[in-house]
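Okay, structure first, notes after.
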Amino acid sequence: MSAVSRQRTWEKIPAPDISDPTYYDLPLLHEPVWEWAIPLYYYVGGVSGASMALAAAAQLKSADAFDSLIQRCHRIGFVGTSLSSALLIWDLGRPSRFLNMLRVFRPTSAMNMGAWILSVSAGTAAATVVLPRRAGILRSVGHTLGFISGVFGLGLATYTGVLVGNSAIPVWQESRRVLPVLFGASAVASVGSLFDFFEHVEQRRVTVLFGNIGRSAEIAAGMAMERQAGRVPRVAHPLKRGINGLLWRTASLLTATSLVCSLLPNRTRAKRVAAGVLGTMGSLLIRFSVHHAGAISARDARASFHHQRAGHGGRE
């Protein structure tokens with residue numbers, strides 16, 4: 014190759030942007046290896062956790078007056094924790110990997126705490142389906158476990174937000190303070206949407222109020238996440254640009270529309286089902302959007318550099 018040819022070859026190589034340097038435009042982080050089962054796990058776990066929390070609150074208010082609602086919430090919690098366990102084990106590859114996480118108890122590890130929360134939630138959810146219907150001491154044990162399941166249900170609905178927020182991925186790390194709130198609010202909204210599908214629900218006023226509080230909080234938390242991520246503009250790109258940005262905005266729009274449908278007077282079955290469908294789709298999409306935002310942010314080399322140069326992330 015002649016000197017002229019070599020010179021032309023070098024000229025074809027794009028010059029680095031010295032005003033915004035990276036390491037050869039290569040990402041600093043590996044993107045998450047989690048597949049579709051994990052954002053679905055966020056949703057199912059959130060529904061079961063929020064259902065158990067609602068049951069505990071109703072039981073605290075009046076176990077007799079809200080007996081039908083409590084039973085239904087416990088059944089949802091049992092089915093949800095069973096599906097959550099299956100989804101998590103499917104993603105891990107084999108059951109032994111899940112059991113290995115229970116060999117230690119590490120409060121500083123959100124993943125380890127999540128495994129324990131799921132295990133206890135599943136056990137108490139199964140017990141609350143059976144024991145409160147028995148007589149004598151078993152009934153008392155069942156009621157006690159109902160309160161315990163509510164406490165762990167709150168953890169199940171929110172710990173996944175803590176888990177992803179503890180990562181080094183810029184968009185998750187920058188939003189770490191609001192992610193547990195977003196996941197918890199979305200879980201409450203999901204339960205309200207689920208109850209909209211049921212034909213005969215005693216205390217429907219309670220479930221509608223519960224769902225509307227969740228929808229309102231989900232919208233507010235989503236806006237807060239955008240603001241927090243937007244402290245470093247490049248970090249917020251996955252929430253504002255491309256297909257995932259569209260997914261994020263669609264999720265917020267669906268949740269807002271579901272809230273409007275739920276607040277309309279003279280709620281017919283058609284309006285309830287519409288609110289349920291829109292709310293469920295919004296809650297599902299927001300979890301998938303947060304999941305994919307993390308993958309996009311990890312692939313963006315400049316997001317990591319901008320995050321660190323702004324004094325955020327590990328430098329905070």
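Numbering (the numbering used here), first residue to last: 14 to 329.
Glycine included, C-beta positions come from ideal geometry on N, C-alpha and C.
- Taking the Cα of A140 as reference, the smallest distance to any Cα among S122, Q84, W129, A63 is reached at Q84.
- Between S188 and M236, the gap from beta carbon to beta carbon reaches 8 Å or more.
- L252 sits close to G258, with the two beta carbons spaced by under 8 Å.
- Separation of L167 and G174 (C-alpha to C-alpha, rounded to the nearest whole angstrom) is 12 Å.
- Looking from the CA of A202, the closest CA among P193, R218, L272 belongs to L272.
- Less than 8 Å separates the beta-carbon of L100 from that of A50.
- Where I309 is concerned, the enclosing alpha helix (DSSP H) starts and stops at 282-312.
- With 16 or more neighbouring CB atoms inside 10 Å of its own CB, L82 falls in the buried class.
- Three or more Cβ pairs closer than 8 Å define a contact, and the stretch 284-294 meets that threshold against the stretch 195-209.
- For E212, the closest of I161, L222, R280 by C-alpha to C-alpha distance is R280.
- Every alpha helix (DSSP H) stretch that sits fully inside the stretch 84-149 and reaches 4 residues is listed by chain position as 108-114, 123-143.
- Taking the Cβ atoms as the reference, S302 lies roughly 6 Å from A264, within the contact range of under 8 Å.
- Distance check between L115 and each of L105, A170, A128 places A128 closest, using alpha-carbon atoms only.
- Of the residues P193, G59, A76, the one whose Cα lies closest to the Cα of G155 is A76.
- In this structure, the alpha-carbon of V191 lies about 10 Å from that of G197.
- Around L96, the same chain offers V57 as residues with beta carbons nearer than 6 Å, after the five sequence neighbours per side are excluded.
- Under the three-state reduction of DSSP, D77 is assigned to coil, being neither helix nor strand.
- Only exposed fits S109, as fewer than 16 other CB atoms lie within 10 angstroms of its CB.
- Following the DSSP letters along the chain, one finds L195 inside the alpha helix (DSSP H) bounded by residues 192-209.
- By the CB criterion at 8 Å, R240 and H325 fall outside the cutoff.
- Boundaries of the alpha helix (DSSP H) around I232: 217-242.
- The alpha-carbon separation between V143 and L151 amounts to approximately 9 Å.
- DSSP places S317 within a helical segment (H, G or I) once states are collapsed to three.
- The Cβ atoms of I102 and S61 do not sit closer than 8 Å to each other.
- By the CB criterion at 8 Å, A170 and L195 fall outside the cutoff.
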